[in-house]
Amino acid sequence: MPGPRSVAVLLVSHDGARWLPAVVDGIRSQTVPVDRVVAIDTGSKDESAELVEQAFGAVRRVGGGTSYPEAVRLGLEALGAAGEDGPEWVWLLHDDSNPDPTCLEALLAAADEDPGADVLGPKLREWPSLRRLLELGVTISGTGRRETGLERGEYDQGQHDEVRTVLAVNTAGMLVRRSVLEALGGFDPHLPMFGNDLDLGWRAAQAGHRTLIVPQAVVFHAEAAHRGIRRTPLTGRHTHYQERRAALWTLLANAPGRTLPFQVVRLALGTVLRVLGFLLVRSVGQALDELAALVSVYSHPGELRAARRSRGAGRVAEHEEVRRLLAPWWLPYRHGLDFLGDLLSAATDQAADVAERRRAAQAEADPSSFAARRVAVDDEDALGEDTGLVARFFTNPVALLLTVFLLVALVAVREAFGHVSGGGLSPAPDSAGDWWDLHLATWHPLGVGTAVPAPAYVLPLALLATLLLGSAGAAVSAVLVLAVPVGLWGAWRLLRVVGRLVSPQGAPRWLILWGAATYALVPAVSGAWGDGRLGLVVAGALLPWLVHAALGFADPDADRRWRAAWRVGLLLALVSAFAPVAWLLAVAVSLVVVATATLVVRSAVRDRSVWGPPATAIGVVPVLLAPWWIPAILERAAEGLVLDAGRLPGLTATGLDLLTGRFHDLGAPAWVGLVLPVLAALALVPRATRIPVLVCWVVALVTAVFTVVLSAVTLDLAAVSVPAATGLPLMVVQGVLVVAATLGGQGLVMAARRDGWPGLLRGTAAVLAAAAALVPLVGLGWFAAGGHDELTTEAEGGIPAYMVQSSETGPEHGILVIRGDVATGLDYVVRRGDGVTIGEDEVLALTPEDEDLTRVVRTLVSRPTGGEVAELAGFGIEYVVLPSPADPEVAGTLDATAGLVQASAENRSTRAWQVEQALDPDAVDGPRSWLRVVLLVVQGVAIVVVLVLCAPTTDRRRQS
468 MPGPRSVAVL LVSHDGARWL PAVVDGIRSQ TVPVDRVVAI DTGSKDESAE
518 LVEQAFGAVR RVGGGTSYPE AVRLGLEALG AAGEDGPEWV WLLHDDSNPD
568 PTCLEALLAA ADEDPGADVL GPKLREWPSL RRLLELGVTI SGTGRRETGL
618 ERGEYDQGQH DEVRTVLAVN TAGMLVRRSV LEALGGFDPH LPMFGNDLDL
668 GWRAAQAGHR TLIVPQAVVF HAEAAHRGIR RTPLTGRHTH YQERRAALWT
718 LLANAPGRTL PFQVVRLALG TVLRVLGFLL VRSVGQALDE LAALVSVYSH
768 PGELRAARRS RGAGRVAEHE EVRRLLAPWW LPYRHGLDFL GDLLSAATDQ
818 AADVAERRRA AQAEADPSSF AARRVAVDDE DALGEDTGLV ARFFTNPVAL
868 LLTVFLLVAL VAVREAFGHV SGGGLSPAPD SAGDWWDLHL ATWHPLGVGT
918 AVPAPAYVLP LALLATLLLG SAGAAVSAVL VLAVPVGLWG AWRLLRVVGR
968 LVSPQGAPRW LILWGAATYA LVPAVSGAWG DGRLGLVVAG ALLPWLVHAA
1018 LGFADPDADR RWRAAWRVGL LLALVSAFAP VAWLLAVAVS LVVVATATLV
1068 VRSAVRDRSV WGPPATAIGV VPVLLAPWWI PAILERAAEG LVLDAGRLPG
1118 LTATGLDLLT GRFHDLGAPA WVGLVLPVLA ALALVPRATR IPVLVCWVVA
1168 LVTAVFTVVL SAVTLDLAAV SVPAATGLPL MVVQGVLVVA ATLGGQGLVM
1218 AARRDGWPGL LRGTAAVLAA AAALVPLVGL GWFAAGGHDE LTTEAEGGIP
1268 AYMVQSSETG PEHGILVIRG DVATGLDYVV RRGDGVTIGE DEVLALTPED
1318 EDLTRVVRTL VSRPTGGEVA ELAGFGIEYV VLPSPADPEV AGTLDATAGL
1368 VQASAENRST RAWQVEQALD PDAVDGPRSW LRVVLLVVQG VAIVVVLVLC
1418 APTTDRRRQS
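In structure tokens:
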């Protein structure tokens, strides 16, 4: 009969031939020999089973799908067959865990010193490095994180060599009393690969057993399954799924009942955050594994209840005794702060490295200029400096001018603060929820009801309003206020990069400031801002960012070119949502570029990574905007695809408008606008920058031709005939001219540095500089002086307040507003709710005319027969209003119509009547469409996918 210290090794192997020879030697070299070795091989495809069989005799071979708990159960059955002669201790080893020769001796010595210990574990060190610590006992946090208490990459220097009680020890080297392991039912079969140690340790603690970590015992562990070095049928490529599922199961199966509801909610919300985090770093597989693990555990509540009942039956210790072995509650929050700190540190280090590389390149190109630039304040050089910032700021003219520009621009947009409308801008709705309803709904209770989809820009406005605490008015104000700063920032980044493509030194900062300020004012001085053309304002602010992203197509790295494709596609979709012709213009420019590239570099076009990214950027836009494009075509509202956002008619640009950057007489003085094309034409003179300037003029020419073609299109809508929108091409041409003029100035500076400044050249440069300075100065002065007077708060349009209040009680309480007179013609609109707001105006404008209602109105104002009033009630119209000045002939006809009762009006010259008939509560109800739901789902998934693909590529290697 074996002594009280008899030990049997239970070795489980699976495709571990590369480690097993060392593991076998480790077992054989133990200073305290083992009594028996039981080996279980789970379907190894290599020679693992043969190696173990040669070393220890018989090996039980089972299928590859056998889980670790099942393999241990089979080993215990083999040991139990000996009856009372079976060993007291079971030593669990993996095929990738190599014990130090004194490991078992140290474990047994600790068991002798502490007879109350039932589970003991060794110190785990990394194999093959042998010095790096992996674990000295393990616990679990409230979020399911496996906590070892070690720093990442910490080396073993004896700093943790005290024997202590822990929640659990790794199964690689775990020494456990056989009777305890059998009493606990072995390992949980719901944890096939990972998490067995934590679950067993938690159950053991609840049953009154103690677990010790014995640092004097050492096992070297390769962690082959955790690191993905080998795959098993139980994990495949989804190791993270198994690990996360094990963590969720362990927490929910062992948590006390009073904290279970909180734990369920916390883990669900935590999973959502983790999924978003993985998506942000482009770890799509791990994000899906996170979600799949949550669904797997939460979709089987019956199994969880059974597991909790079995654990409750064997519980002896109070939870307070177990809780001290768990990770502190605040530990996940500390990890979160550490993560944020790491991100900030990484971003700072990366920015500093980029700045240092740029300075080195500039120093190599022109050492003297580099030394001079070191004295000035630079946005990159100043990164990380914490002394002299104020002094440097006040001694840098570029920084001071930039600050003054932004302050004056802030004063200039004072009209945008608060709820604004006027010109082409309809009032904002009451809240973000109205925009969400408009975006998600298939049928809109507007006019007589319509299925014309909400314009694409409603979604970004709804998102922005939601971020601003649900205020739609604040979202509109934010767009108008931030348009100039965002455009300035984007143009600065673009001009800086373009300048460095020409010369490593880049353009002088004062020149970049001129170009950025000139372009940032284009939406304002053109008249688009003052007329409330929200679409053109947003598109103008985003165009530099779009072009900056498109420069990534020229990157030599194919991966960066593909990432640029997704960024361009996302930005192009956003610009096209506000100015749909942007997509058509992008297609035209792309075709010209591809055709030119085919003629110049034929071999490059055959490379899919060259033409594929631009094509992908163009192709992703219809997918992202599918909930608008497809229903618009199906509902005979395709005209919206070539109209800008806002009220009709929109702003159009002629040939002269394109050059001056003004919409007719709306903007700043046109003579100032002529300076920029002159400067862009003179930019062709310097040789150093002639080719990129010529490219700018080619783009301008393509845009001009595109505008001519587009201006020939006339769109016949229900209420009015309008030309196609040509506002965006004006923004594009002005942006191209700014880039050309800036490059020309850079070429002039390069020539002066190379050849000196002759007297004639100095005089010419002074004249050009003075003329160039007039463009942003006059534009900013005109903008700040209030040259825009269309953007104001509008009145209600002569409709009595009590009618407006009634219409807000339900969509069936409509108001029929008839304007005009018999001599010149009449037109009508149906107002519902709080009036026409942003987004709704476009839906109504694109809705085809309702011929039945037109017939009723025509008969009502000419020769009513008496049945028209009942039809009005059927259309959900409660009031009929003739705003001031009301046509007496029409008013007399309506006075004599049976079923219409005169209603009071605030203005004497305004006439109003109320419909006596009962209103149809379902008057403006319409059908629902599953197509809308499908398109919205496709759009949501596409947005997430594109955002993920836009993120930088990461190399996420597993670390302990």
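For the sequence shown, our numbering assigns the number 468 to the initial residue and increments by one for each residue that follows.
All residues carry an ideal CB built from backbone N, CA and C; glycine is no exception.
{"Asked": "Got a sec, what are the start and stop residues for the alpha helix (DSSP H) D1183 sits in?", "Found": "Per DSSP, D1183 belongs to no alpha helix (DSSP H); it is in the beta strand (DSSP E), 1181-1183."}
{"Asked": "Mark H1131 as exposed unless 16 or more other C-beta atoms lie within 10 angstroms of its C-beta, in which case mark it buried.", "Found": "exposed"}
{"Asked": "What is the C-beta distance between T726 and L761, in whole angstroms, given that I count them as a contact (C-beta under 8 Å)?", "Found": "Contact flag wrong, Cβ pair sits at about 18 Å."}
{"Asked": "Do N565 and W594 have their beta-carbon atoms positioned less than 8 Å apart in this structure?", "Found": "yes"}
{"Asked": "Considering only the beta carbon of each residue, do S919 and L1313 sit closer than 8 Å?", "Found": "Per the sequence presented here, residue 919 reads as Val, with Ser not at that position. A contact, by the Cβ cut-off of 8 Å."}
{"Asked": "Taking the alpha-carbon positions, what's the L758 to A484 distance?", "Found": "34 Å"}
{"Asked": "Measuring only the C-alpha atoms, how far is A1236 from G1202?", "Found": "19 Å"}
{"Asked": "How would you label G437, buried or exposed, when you count the other beta carbons within 10 angstroms and need 16 or more for buried?", "Found": "Since the first and last residues shown for the chain are 468 and 1427, residue 437 lies out of range."}
{"Asked": "Given G973, which residues of its chain have a CB within under 7 Å of its CB, disregarding the five upstream and five downstream residues?", "Found": "R963, G966, R967"}
{"Asked": "Which ranges does the beta strand (DSSP E) cover as unbroken runs of at least 3 residues, wholly within the segment 1349-1379, from first to last along the chain?", "Found": "1367-1370"}
{"Asked": "What is the residue span of the beta strand (DSSP E) that W558 lies within?", "Found": "556-561"}
{"Asked": "Let me make sure I understand the geometry here. Which of L931, T1127, P1352, G1333 has the alpha-carbon closest to that of R1286?", "Found": "P1352"}
{"Asked": "Can you give me the Cβ contacts of W902 inside the same chain, cut-off strictly under 7 Å, excluding the 5 residues immediately before and after it?", "Found": "P896, V925, L928, A929, A932, A939, G1306"}
{"Asked": "Between D492, E537, A1040, which has its C-alpha nearest P568's C-alpha?", "Found": "D492"}
{"Asked": "Is DSSP giving H911 helix, strand or coil here?", "Found": "strand"}
{"Asked": "Within 10 angstroms of its Cβ, does Y986 collect 16 or more other Cβ (buried), or is it exposed?", "Found": "buried"}
{"Asked": "So what does DSSP say about Q817, is it helix, strand or coil?", "Found": "Its pLDDT being 49, under 50, Q817 is placed unreliably in this model, and the value from its coordinates should be taken loosely. Three-state result, Q817: helix."}
{"Asked": "Helix, strand or coil: how does DSSP classify A584 here?", "Found": "strand"}
{"Asked": "Would you call the segment 502-512 in contact with the segment 520-540, where contact means no fewer than 3 C-beta pairs closer than 8 Å?", "Found": "yes"}
{"Asked": "Using beta-carbon positions only, say whether V1324 and L1311 come within less than 8 Å of one another.", "Found": "no"}
{"Asked": "From L1010 to A1155, what distance separates their C-alpha atoms?", "Found": "26 Å"}
{"Asked": "Determine the contact status of S1043 and A1049, defining contact as a CB-CB distance below 8 Å.", "Found": "yes"}
{"Asked": "Take the Cβ of V783 as the centre, count every other Cβ of all protein chains shown within 10 Å, and call the residue buried at 16 or more, exposed below.", "Found": "exposed"}
{"Asked": "Output yes or no for whether 8 Å exceeds the beta carbon distance between G1134 and P922.", "Found": "no"}
{"Asked": "Would you identify the three-state DSSP class for V1391, choosing helix, strand or coil?", "Found": "coil"}
{"Asked": "Under 6 Å Cβ to Cβ from W558, same chain only, skipping five residues before and after it: list those, please.", "Found": "V474, V476, L642"}
{"Asked": "Where does L1092 sit, in a helix, a strand or coil, going by DSSP?", "Found": "coil"}
{"Asked": "Helix, strand or coil: how does DSSP classify R592 here?", "Found": "strand"}
{"Asked": "Do you know how far the Cα of G954 is from the Cα of Q709?", "Found": "47 Å"}
{"Asked": "Count the other CB atoms within 10 Å of the CB of V1205; is the residue buried (16 or more) or exposed (fewer)?", "Found": "buried"}
{"Asked": "By the DSSP assignment, the alpha helix (DSSP H) with V1035 in it spans what residues?", "Found": "1025-1045"}
{"Asked": "Would you please state the rounded distance, in angstroms, between the beta carbons of V915 and L1320? I believe it to be under 8 Å.", "Found": "6 Å"}
{"Asked": "As an exercise, report each continuous alpha helix (DSSP H) stretch of at least 4 residues that is fully enclosed by the segment 957-997, in chain order.", "Found": "976-987, 989-992"}
{"Asked": "So, are the CB atoms of W1380 and Y1346 less than 8 Å apart?", "Found": "yes"}
{"Asked": "Among the candidates L874, L1091, D1288, whose CA atom is the shortest distance from the CA of Q1406?", "Found": "L1091"}
{"Asked": "Just to confirm before moving on: does the CB-CB distance between A672 and L634 stay below 8 Å?", "Found": "yes"}
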